Amino acid sequence: MVTKVPSRPAAPRRLLRLLLATGVAATALSAVPQAAQASPAASAAPVAQATADAKSGGATLTVAVSQSIDSLSPFLAQKLTSTSIHRLAYEYLTNYDAKDARTIPGLATAWTPSADKLTWTYTIREDSKWSDGKPATAEDAAWTFNKMMTDPNAATANGSFTANFKKVTATDPRTLVIELKKPQATMTALDVPIVPKHVWEKVGDFSKFNNDQQFPIVGNGPFVITDFKVDQYIKLKPNKTFWRGAPKFDELVFKYYKDGDAAVAALQKGEVSFVPNLTPAQAAALKSQKNIKVNDAPGRRFFAIATNPGARSQDGRTFGNGHKALLDPAVRKALFLAVDRTTIVDKVFQGHAVEGEGYIPPRFGSYFWKPEAAQKRAYDPAAAAKVLDAAGYRKNAEGKRVGKDGKALDFRILCHATDPNDKAIGKYLQEWWGKLGIGLKVECLDSVSDPWVKGDYDLAFDGWSVNPDPDYVLSIHTCGTLPATPKDSGATDNFICDKEFDALYAQQAVEYDAAKRADLVKRMQSRLYDTGYMNIMAYPNALEAYRTDQIKSITTMPEAAGNLWGQDGYWSWWSAVPTASAASSDDSDDSSATGVILGVGAAAVVLVGVGVWAARRRRAGADDRE
Amino acid sequence: MTTASTPADVARAEQARATDGASRTGSSLGYLRHAAGKLGGALVSLLAVLVTSFFLFRIIPGDPVKAMTHGVPTTAEQLATLRRQFGLDLPLWQQFTDYCAKALSGDLGTSFQFRAPVGELIAEKLPATLLLTGVAVVIYSALGLWLGTRSAWRHGGLGDKLNTGIALTLWSVPSFWLGLLLIIVFSVGMGPIPGLFPTGGMESGTGETGFGYVLDVAHHLVLPVVTLVAVGYAQTLLVMRSSLLDEMGGDYLTTARAKGLRDDVVRRRHAVPNALLPTVTMIFINLGHVAAGSILVETVFSWPGLGGLFYQALSVPDLPLVQGLFVVFAGAMILMNLIADLLYPMLDPRVGR
């Protein structure tokens, strides 16, 4: 009679039993990977090693990367990882010397401009072959450029290089002729991968072809892409017939580590040979480690504060909500006089940066510029206060600076939420400018591009990576890059439009004499400095580390004291020489691990087995009794 | 979207029992009606998700074209080409109708940054996420159920205190921090502990096939699963513990004991089944989350799953990809809720009668 109390029909009970059983089974299963791993791992290890030996017999250079490949098509790829890999797989017309980044031969051995500066003739080398054995000719180069000029989809990634091309022809297999609409100074810095015509002419829609279905990918660079698994790895093998000589490592693998600390752990373990983009803390931790070398190299970036100079479009309309006081040169001057760059380098970058002044980092020696003593804005808060007083921005009763219009100097600064440096410097700026009586709100966003494009900002943290040819980073401050109308977005960085700067830009763009062009580039930087729209605070160093027990030697760029990751060329990975032990790659330390795994796995299996057995017994007993 | 409808359903069921009495006739018809209603609700929810996902991600700021080309020399023509390729040059209503037409035929569009069909990208990464979080959810549900039952049954004891204490501590640990710790201790190796497991990824990429490949993946799976289980099992444990505690005051248990049943029979046959409903609901909600994975754990262990993809999609923002992932994540939740809804009447016949 009491049996009815919990009123539960039989069916659910069976189901519950099933559920519980599933739970037990799941627990058992969970142990299986470990267990299963264990037993065959012991026998699998020698097999794996044997196959590895049979496959390459050798040294693998593993590079930790974090950025996903957007596309393996050179016509679409924008991200640095992708373009760096294209540098390894395809030869460009010219290359940059590892020593000093000056232009040296690539696929082209020589080049000459015509007297009117409008026709360039390149001689294509005879000893470059595609990895499928066919010779690389002027015809391939002409086809690549023509495709970019006629199909906008093929110009998606590198269209800026061919925008000024009028006609490209291959007069014979060894001669490439490029005719221009107007002179262009970057003709020896055309960073465009040349692709094999016989492979690519079969491609239909260039906006959709990602070049990632068939391996190996036919190329003529030092390496051949042989395998790719999204967000897992990209593998490359040396191109044995590369005209400059084959790379020394037997395999180059770019392996994904999405977390920087995990990548550092992998370096410590020896799972990867090289890790780029370290934080100062990671670099400090790695410095004392055995078999690891930390490379603290001059960077190619500048880090700056940009002001909103009044966002405007080419049709003359203004837009955005930038603070009007920033249109006053005196205010900008005062702000920048109150920025202590030494403190930023010491405290924020912890010494891993160089104090900034000119626009182009010192790494690019021929274009590097410093202000003269008279025009220099050194750190001087007292002078900053004087400038503001003189310009009529007096402090009110609360100690805040107020403009002639009665509006307080309260600014906003756009900060990248993902960049700790932005936030740290924001704090310093608040302190320094606060003492002047200027308020600052640090607005950190995941994506700053939206307010930036709309001109809805007062100040912003800005930074660019500079190429050996400075044309592009200079061009983003010319009036021509302003958006056509307020609704469009142009190629401008922050709406700077200055006639004098533009005139100099136009001159350098047609100047083929290196020394004269360098002088013009320096004058442009001087003008940019004087207009005071930007304050270059620092050139952050490139911090990276590699294992000395895997890499015996490797070429940095610049060779004297340069970096390895993201070079303007293929020097680092092409030049890397494996150590003797790396070449005979052994997995000795795996055996002890295997033993432990075996033990743990076996124990897990036994435990689960006993558990299941006990549970069944008890259940059976209970059923009997009920 | 259908919300996790247990409490509501249970309440409704109670109500139904009160008014309806214990009529058992037509219960299979009742179940069918219940199922049809839930199925219809799920379909409507899915449709709503499809529509809202379009507008939801149009509100977030960011110009995909500018974000993608940042730092790359770009001309106005190139920007225009990109806008045209992405369909961003079309009026919003046209983008919306295109999206709807495509979505209804199963096409989620083409990713801006990867130039590949969104469906393909998701399908490529879904197995990795399902494997990782699926294994973890199954383990931590089982572990939580087991420990929760034990804790409640001997509540107040040392075992209970220790159990809940450890679970709560692990629950409050940030998963990425625990993951990193595990990497440093069990991957790199520390002191006498050898580096047993890989530091990241899903496979070694040595070209293993067949069983060797399975082992390789399992080897890579251990640490991320341990991380997820460690920070996840407390939830099941606590829900199971508290709902079992609620049952333990029940008269029927006293009755069962009076019948002379053994303590563990009372627990397993009488108390636990009644305490299971809320926990099962929670397990299904967790299963719904499985598709979304765990961005943090996937990041720390460089697991090639959907979590990382979602992060990359948001950072551009890669609108078709964000939308597609949102639809998939929401769809998984809807599906799991539906399954839970369909299962309840079997677990507890009072539901859906």
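Taken in order, these protein sequences are the chains called A and B.
Here the first sequence stands for residues 1 to 626, where the numbers follow our numbering.
Here the second sequence stands for residues 1001 to 1353, where the numbers follow our numbering.
Just so you know, even glycine gets a beta-carbon here, dropped at the ideal spot from N, CA and C.
Source: prediction; values computed, not measured.
As the crow flies, the alpha-carbon of PRO1317(B) is around 31 Å from that of GLN430(A). The DSSP-derived three-state label of ILE178(A) is strand. Beta-bridge analysis with DSSP links PRO1273(B) to no other residue.
In this structure, the straight-line span from the alpha carbon of VAL230(A) to that of PRO1304(B) is close to 8 Å. In terms of beta-carbon proximity, THR144(A) stays away from the interface with chain B, with every pair separated by 8 Å or more. Within the same chain, Cβ atoms closer than 7 Å to the Cβ of VAL1137(B) are found at ASN1286, LEU1287, VAL1290, the five residues on either side in sequence being excluded. A straight line joining the alpha-carbon of LYS182(A) with that of ALA163(A) spans about 11 Å.
Taking each of PHE215(A), LYS516(A), ASP549(A) in turn and checking the Cα distance to ALA89(A), the smallest one comes out for PHE215(A). When Cβ-Cβ separations below 8 Å define contact, LEU327(A) makes no contact with chain B. Beyond the five residues adjoining it in sequence on each side, ALA246(A) comes within less than 8 Å, by CB distance, of PRO222, PRO238, ASN239, LYS240 in the same chain, given in chain order.
If you draw a straight line from the Cα of MET187(A) to the Cα of LYS166(A), it is about 13 Å long. Residues of chain B with a Cβ closer than 8 Å to the Cβ of ASN153(A) are, in chain order, THR1081, GLN1085. As for any beta strand (DSSP E) of minimum length 3 sitting wholly inside the segment 383-419 of chain A, the runs are 410-416, ordered along the chain. Within chain B, no C-beta atom comes nearer than 9 Å to that of ASP519(A); the closest sits roughly 23 Å away. Shown here is that no member of the segment 507-538 of chain A has a Cβ falling below 9 Å from a Cβ of chain B.
Boundaries of the alpha helix (DSSP H) harbouring ASP1216(B): 1210-1248, taken from the DSSP string. Sequence-distant Cβ neighbours of GLY463(A) in its own chain, meaning closer than 7 Å and more than five residues away, are ARG301, PHE302, PHE303, ALA304.
The beta carbon of VAL348(A) sits closer than 7 Å to the beta carbons of ASN421, ALA424, ILE425 from its chain, once the five residues preceding and following it are set aside; these are given in chain order. Shown here, LEU440(A) sits in a strand according to DSSP, grouped into three states. A residue is called buried once 16 or more other Cβ atoms fall within 10 Å of its Cβ, and ASN563(A) is buried on that count. Look at PRO113(A) here: in three-state DSSP terms it is strand. When the five nearest sequence neighbours on each side are left out, the beta carbons in the same chain lying within less than 6 Å of the beta carbon of ASP97(A) are those of ILE104, in order along the chain. Taking 8 Å as the CB threshold, MET1068(B) lines the interface with chain A. Within its own chain, the residues whose Cβ lies closer than 8 Å to the Cβ of ALA1116(B), once the five positions on either side in sequence are excluded, are THR1110, listed in chain order. Nearest C-alpha to ASP127(A) among THR94(A), PRO113(A), ASN291(A), THR109(A): THR109(A).
If you look at TRP571(A), you'll find it in the alpha helix (DSSP H) that goes 571-575.
Chain A has no Cβ within less than 8 Å of the Cβ of MET1336(B).
Annotation for LYS1125(B): PRO1304, GLY1305, LEU1306, LEU1309 place their beta carbon closer than 7 Å to its own, counting only its chain and skipping 5 residues before and after. DSSP places ARG301(A) in the uninterrupted beta strand (DSSP E) bounded by 301-307.
As the crow flies, the alpha-carbon of LEU1319(B) is around 15 Å from that of PRO1091(B). When DSSP states are grouped into helix, strand and coil, PRO329(A) belongs to the helix group. The Cβ of TRP464(A) sits closer than 8 Å to at least one Cβ of chain B. GLU500(A) and ALA484(A) have their alpha carbons spaced roughly 21 Å apart.
Between the alpha carbons of SER160(A) and ILE344(A) lies a gap of roughly 35 Å.
Relative to the Cα of LYS427(A), the nearest Cα in the group ILE413(A), THR418(A), GLY437(A) belongs to ILE413(A). Secondary structure within the segment 207-274 of chain A: the beta strand (DSSP E) runs of 3 or more consecutive residues, fully enclosed, are 223-229, 233-238, 251-256 (chain order).
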